[in-house]
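Working notes, beginning with the structure itself.
Protein chains in written order, with the numbering used here: chain A, 1 to 243; chain B, 244 to 486; chain C, 487 to 729; chain D, 730 to 972.
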C-alpha cells in the first residue's frame with residue numbers, strides 16, 4: 001500500500017486552519033500544529049474518527065528549536081511520508097492600538113508571529129516539498145494573509161508590519177521555488193471569518209462573514225493547479241465587505 | 244424539467260475562451276461569441292455532439308447595437324433561461340510597437356476592444372445576473388486580464404491602456420454588484436498560453452505555457468465560491484515564468 | 487537673447503492647471519489649453535501683465551485634428567522655441583452614478599477625456615521633448631492622476647476606466663522615453679482641491695483641501711530632478727484625508 | 730535668538746543619509762547617527778566647518794536602550810530644540826542568497842534593521858514631532874525604501890521582509906499621524922546610488938546611478954510641502970533603470 005502524502009498546517013484554531021485540515025484530510029494525512037493542544041485535540045479526534053489520519057503537535061513556530069523538534073515528531077509519526085502541502089496560518093499578533101501605546105514586546109510579537117514564524121516554517125518544509133514534485137499535484141506552500149498584508153492602517157502597525165513581511169517572503173519564495181516545481185501562494189483573507197468568537201459581530205447580514213470551509217476549498221483548488229498554471233495571490237472577502 | 248442556466252463567453256478562439264466554454268458546458272448551456280464564426284463553429288459542434296448545449300453567434304462586442312442584437316438572439320435561442328455566468332475574454336488589441344509609431348486607430352482598437360467591449364458586455368449581462376441569485380452558485384461575471392493589466396511596459400501603451408481600463412471596470416463593478424449578490428472577478432493571465440499559434444515559442448521547457456484547461460478550472464472554481472467568500476483577483480502563470 | 491523654452495499645459499481651469507501654469511511661467515513661456523477660452527483668458531492676462539509670457543488656445547485634445555491645429559498655433563506663436571515641459575491635466579469626465587445608468591456616451595467621455603486625450607497629447611509633445619535634452623532640466627511630461635487612477639470605486643466606472651488607462655500610458659511612456667532622457671511622471675491627486683467650486687465642501691477643517699499652488703510646486707520639483715534621479719509616481723493628499 | 734530646529738538622520742554613510750544631512754543642515758541643526766563613528770565623523774566636521782551645526786552619535790537603533798540613550802544625548806546637546814524632521818535610512822541587512830542558505834541570524838538582521846529599528850526610531854521621534862506643528866514646515870518623518878519595499882525578488886527574502894514591514898509601518902503612521910499634522914513619507918529608492926563603493930558598477934552609462942544630492946533635494950521638497958498637500962510615496966530611479 002502506498003504511503004499517504006502529508007499536509008501540514010500551522011495555526012489551527014476554530015477558523016481557516018481547522019477547515020483546511022479537514023479539507024486536505026480527505027486526501028492526505030494531516031499534521032496540525034498550534035501552541036495550545038486544546039486548539040487541535042478535538043479536530044484530531046474528529047478527523048481520525050471519520051476515517052482520516054491526523055496528528056497534532058504543540059509548538060511555537062517562532063522558536064526555531066521547538067519548531068524543528070515538533071517537525072521531526074511529525075515525520076517520525078508519519079514514517080517519512082512525502083510532504084504534499086504546507087499551510088502557514090498562525091493567527092496571533094493582532095494588536096489594535098495607537099502607535100505610541102504599542103510596546104516593544106507587542107511589536108515584536110506582531111512581526112515575529114508572521115515573519116519569523118514563516119521563515120522557520122519555510123526553512124523546514126521546503127526541502128521536503130522539493131522532493132515531492134512527482135506526486136499527483138505539485139507540492140504547495142500556502143501563506144495566509146489579511147487586509148493588513150496590503151494596507152497599513154492606522155493603529156495596526158504591529159500586525160501590518162508582520163503581514164507585509166510575510167507577503168514579501170511569499171513573493172520571494174514563489175519566484176525562487178516556482179521554477180523548481182513548488183507552488184507557493186498567498187491568500188489575502190479580507191474580512192471577518194465566521195467562527196464562534198465572531199458570532200456576535202456585524203450581524204446585520206447573517207451571511208456577511210467568510211465561511212472557513214469555502215476558504216479551505218480555495219486552498220485545495222490552488223493545490224490542485226498544475227505547474228503550467230500556478231496562481232500566486234487571491235483575495236477573498238464576503239460579498240458585502242467594503243474594500 | 245428545469246431549464247438549464249446559461250453561461251455566456253465573449254472571445255472564443257483556441258485558448259482560454261474555448262476551454263472555459265467546455266468547462267462550463269458540463270453544467271450549463273453555453274453561448275459563445277466571436278467576430279468570426281470560424282472561431283467557434285468547431286467548438287459548438289464539439290460541445291453539442293458530446294451531450295452539451297452550445298450556441299454560437301458572431302458579433303463585435305465593441306459595437307453596442309451589433310452586440311445587443313447578438314445578445315437577444317442568444318436568449319431567444321435559450322428561451323430566456325437564467326444567466327449563471329458571463330465571461331469577458333476578447334483577445335484583440337495587442338499592439339507591440341514604439342509609441343510614436345502607434346496610430347490613432349491602433350490605440351483606439353487596444354482601448355475599445357477591452358474597455359468599451361467590457362462596458363457593453365457588462366451593461367447587457369448584469370441585469371440578467373442580478374436575477375440569478377437563487378441559482379446553485381452566485382451569478383458570476385469574470386474578466387480576463389493580462390500582465391498588461393497591472394504593468395504598462397514599454398511599447399505596450401495601447402494594450403495596457405485597454406487592460407488597465409478593464410481592471411478599473413472590474414473593480415468598480417465588484418464593489419457595486421458584490422453587495423447585490425453578483426460575483427465579479429478579474430483573472431490576470433500572466434504568460435504565454437499553450438495554443439497551436441504558440442507551439443513554437445519558448446520551447447526550452449516543454450510545459451512552460453499556461454494550460455487553457457487549467458485556466459478554465461480556476462474560472463469554474465471562482466464561480467462555485469459562495470457569496471460569503473468571493474475571490475476578486477487571481478494571477479496565473481507558468482512555474483518558470485519570470486515576474 | 488536666448489529663446490525661452492515653453493511649457494504647455496492642457497486642462498486649465500481654476501485648480502491645478504492654472505497653478506502649474508503660474509509656477510512654470512516664472513521660468514518659461516507657457517501655453518495653456520482648454521475647451522473654453524473663459525477658462526484661460528484671465529490667467530493669460532494675469533501672467534502677461536506680471537512679466538511672464540502666456541498664450542492660450544481653445545481646443546479639445548480628444549479630437550486629434552483640432553488638437554494638432556492648436557499645437558501648431560502654439561509653436562508658431564512661440565517661434566519654434568524648445569519644449570521643456572508638457573502637463574496633461576484635463577478635468578472632464580467625472581461621472582458618479584450607478585453603473586446601469588451610465589450611458590455609452592458618458593462612458594466614452596470618461597475614457598476618452600483621459601486615455602485618448604493623453605495619447606494625442608503625448609504623440610505631439612514627445613517628438614519635441616526628445617529634442618530638448620540639452621536644456622537646464624530634463625524635458626518632462628507629467629500626467630495628472632486621481633484616486634480613481636489606482637482604485638475603481640463603486641459608481642465611478644467611467645472615470646476610473648479613463649484614469650487607469652492614463653496611468654498605463656504614463657508607465658509605458660516612462661519606460662520607453664526615460665532611457666531617451668525624457669522624464670515622464672504621474673501624480674495621483676487624492677482629495678478635494680481648494681478652488682471656488684469646492685469652497686462649500688467638507689468645511690470641518692478649514693485647511694482640508696489640496697492647495698493648487700502646493701501641487702504646482704511639486705510638479706516643478708519633479709521637473710527639476712536630474713535624469714540620474716527621476717521620480718515616477720507621487721500621491722498627494724490633505725493631511726486629514728482618509729485613504 | 731531663536732533656537733534652530735533639529736533634523737535627525739539615522740543611517741549615515743556615503744550615500745543618501747550624508748546628502749540628506751548636508752541638505753537639511755542648510756536650515757537646521759542636524760544630528761547624525763550610525764553604528765560606526767567613522768561613518769559620520771568627516772560629515773560632522775564638514776558641516777560644522779562650513780557654518781552648519783552637526784552632532785554625531787554612535788548607536789544601533791535596533792537596540793531600544795542604546796538608541797534611547799543616543800537620542801537623549803542629541804537633545805541634551807541641542808538644548809531641547811524642536812524636532813523638525815526625522816529621517817530613517819539605515820542601509821544594513823541586504824543579504825542576497827538562496828533562501829535555504831539564509832541563517833536565522835541573517836533573516837533577523839534583515840527584518841530588524843528595518844522594522845524594529847524603524848519602530849524604535851518612530852517611538853522616540855513622534856512625540857517630539859507632534860509638538861513641532863507650529864514651525865515653518867510641518868514636522869516630517871521620512872523612511873527610505875528600496876525596490877525590495879514593493880517586490881519580493883528571488884534570493885532577497887530577508888531584506889524584502891524588512892523593507893515590506895517598514896513600508897507597512899510608514900503607511901500606518903501616515904494614516905495615524907497625518908491628521909495630527911505630522912507628515913510621514915516613504916521614498917522608494919530604486920537603483921544603484923552613486924557612491925565610492927559603487928563606482929565600478931554598471932559603467933556603460935556614466936550617469937546611470939542615483940545622485941544622493943538629488944535624492945536629498947526630494948527629501949527636502951517633501952519636507953516643505955504644506956499639510957494641505959502631503960506626498961506619501963515617491964519612487965526615484967535613474968533614467969536608464971529597467972523597472
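Every residue gets a Cβ at the ideal spot worked out from N, C-alpha and C, and that includes glycine.
Checklist line | 7 Å CB neighbourhood of residue 338/B in its chain, flanking five on each side removed | finding: Excluding residues within five positions, the ones whose Cβ falls inside 7 Å are 345, 349, 353, 401 and 402.
Notebook entry, point to check: Residues of chain B with CB under 9 Å from residue 638/C, in chain order?
Noted result: 410, 411, 412, 413, 414, 415, 416, 417 and 418
Checklist line | Under 8 Å by beta carbon: chain B residues contacting residue 613/C | finding: 343
Notebook entry, point to check: Given that residue 948/D touches chain C, what residues does it touch there, using C-beta distances under 7 Å?
Noted result: What residue 948/D touches in chain C: nothing, since even the nearest Cβ is about 11 Å away.
Item checked: Cutoff 6 Å; reference residue 741/C; Cβ partners in own chain excluding five residues on either side -> Since the first residue of chain C shown is 487 and the last is 729, residue 741/C is not available in this structure.
Checklist line | Residue-chain proximity (residue 52/A, chain B), Cβ-Cβ < 8 Å | finding: no
Note to self: Taking only three categories from DSSP, how would you classify residue 41/A?
What the structure shows: helix
Check: What's the gap between the Cα of residue 905/D and the Cα of residue 729/C?
Finding: 11 Å
Next item on the list: Note down, in chain order, every chain A residue with its Cβ under 8 Å from the Cβ of residue 322/B.
Entry: Under the 8 Å cutoff, chain A gives no residues; its nearest Cβ is about 29 Å from residue 322/B.
Note to self: Quick check on this structure: which residue in 828/D, 812/D, 859/D and 806/D has the alpha carbon closest to the alpha carbon of residue 100/A?
What the structure shows: Measuring from the Cα of residue 100/A, the nearest candidate turns out to be 859/D.
Check: Thinking just about the alpha-carbon of each residue, which of 169/A, 151/A and 156/A is nearest to the one in residue 883/D?
Finding: 169/A
Check: Three-state secondary structure (DSSP) at residue 751/D?
Finding: In the three-state reduction of the DSSP assignment, residue 751/D falls in the helix class.
Item checked: Residue-level contact to chain D via CB, residue 509/C, 8 Å cutoff -> no
Notebook entry, point to check: Identify the residues that DSSP records as bridge partners of residue 388/B: which are they?
Noted result: 431/B
Note to self: Give me the DSSP bridge partner(s) of residue 276/B.
What the structure shows: 253/B and 300/B
Check: Rounded to a whole number of angstroms, what is the C-alpha to C-alpha distance between residue 544/C and residue 563/C?
Finding: Take the alpha-carbon of residue 544/C and the one of residue 563/C: they are about 14 Å apart.
Check: Under a Cβ-count criterion, where at least 16 other Cβ atoms within 10 Å of its own Cβ denotes burial, should residue 506/C be classed as buried or exposed?
Finding: buried
Notebook entry, point to check: How would you list, in chain order, the residues of chain B whose beta-carbon sits under 8 Å from the beta-carbon of residue 597/C?
Noted result: Chain B residues near residue 597/C: 354, 358, 359 and 408.
Check: chain A partners of residue 333/B, CB-CB under 7 Å?
Finding: Chain A residues near residue 333/B: none, gap ~21 Å exceeds 7 Å.
Checklist line | C-alpha gap between residue 274/B and residue 716/C, whole angstroms | finding: 50 Å
Note to self: Suppose contacts are defined by Cβ-Cβ distances below 8 Å. Is residue 849/D in contact with residue 793/D by that definition?
What the structure shows: yes
Notebook entry, point to check: Rounded to the nearest angstrom, how far is the Cβ of residue 567/C from that of residue 492/C, given a contact under 8 Å?
Noted result: 5 Å
Notebook entry, point to check: Mind checking if residue 468/B is an interface residue toward chain A, Cβ cutoff 8 Å exclusive?
Noted result: yes
Next item on the list: Kindly say whether residue 966/D, judged by its beta-carbon, lies nearer than 8 Å to any beta-carbon of chain C.
Entry: yes
Next item on the list: Compare the C-alpha of residue 454/B against each of 259/B, 252/B and 246/B and name the closest.
Entry: Shortest Cα-Cα distance from residue 454/B to any of 259/B, 252/B and 246/B involves 259/B.
Note to self: If I follow the unbroken alpha helix (DSSP H) through residue 946/D, where does it start and stop?
What the structure shows: 941-953
Notebook entry, point to check: Within 8 Å (strictly less), CB to CB, does residue 697/C reach chain D?
Noted result: yes
Notebook entry, point to check: Along chain B, in chain order, which residues have C-beta atoms closer than 8 Å to that of residue 147/A?
Noted result: Per Cβ cutoff of 8 Å: no residues; residue 147/A is ~13 Å from chain B at best.
Margin query: Looking only at its chain, what residues have a beta carbon closer than 7 Å to the beta carbon of residue 14/A, apart from the 5 residues adjacent to it on each side?
Written below: Around residue 14/A, the same chain offers 195, 196 and 197 as residues with beta carbons nearer than 7 Å, after the five sequence neighbours per side are excluded.
Item checked: Contacts around residue 773/D, its chain only, beta-carbon distance under 6 Å, and the 5 residues preceding and following it disregarded -> 783 and 785
Next item on the list: Using the Cα positions of residue 244/B and residue 271/B, report the straight-line distance between them to the nearest angstrom.
Entry: Because residue 244/B sits at a pLDDT of 47, beneath the cut-off of 50, its placement in the model cannot be relied upon, and the following sentence gives the value as read from the coordinates. Cα to Cα, residue 244/B sits roughly 14 Å from residue 271/B.
Margin query: Assuming residue 330/B is part of the beta strand (DSSP E), what are its boundary residues?
Written below: 326-331
Item checked: Close Cβ partners of residue 417/B (< 7 Å) along its chain, the five nearest in sequence each way excluded -> 427 and 475
Check: Run through DSSP, which three-state label would residue 348/B get?
Finding: helix
Check: Going by C-alpha distance, which of 766/D, 808/D, 851/D and 933/D is nearest residue 900/D?
Finding: 851/D
Next item on the list: Throw me the rounded Cβ distance for the residue 870/D and residue 911/D pair, which I believe falls under 8 Å.
Entry: 6 Å
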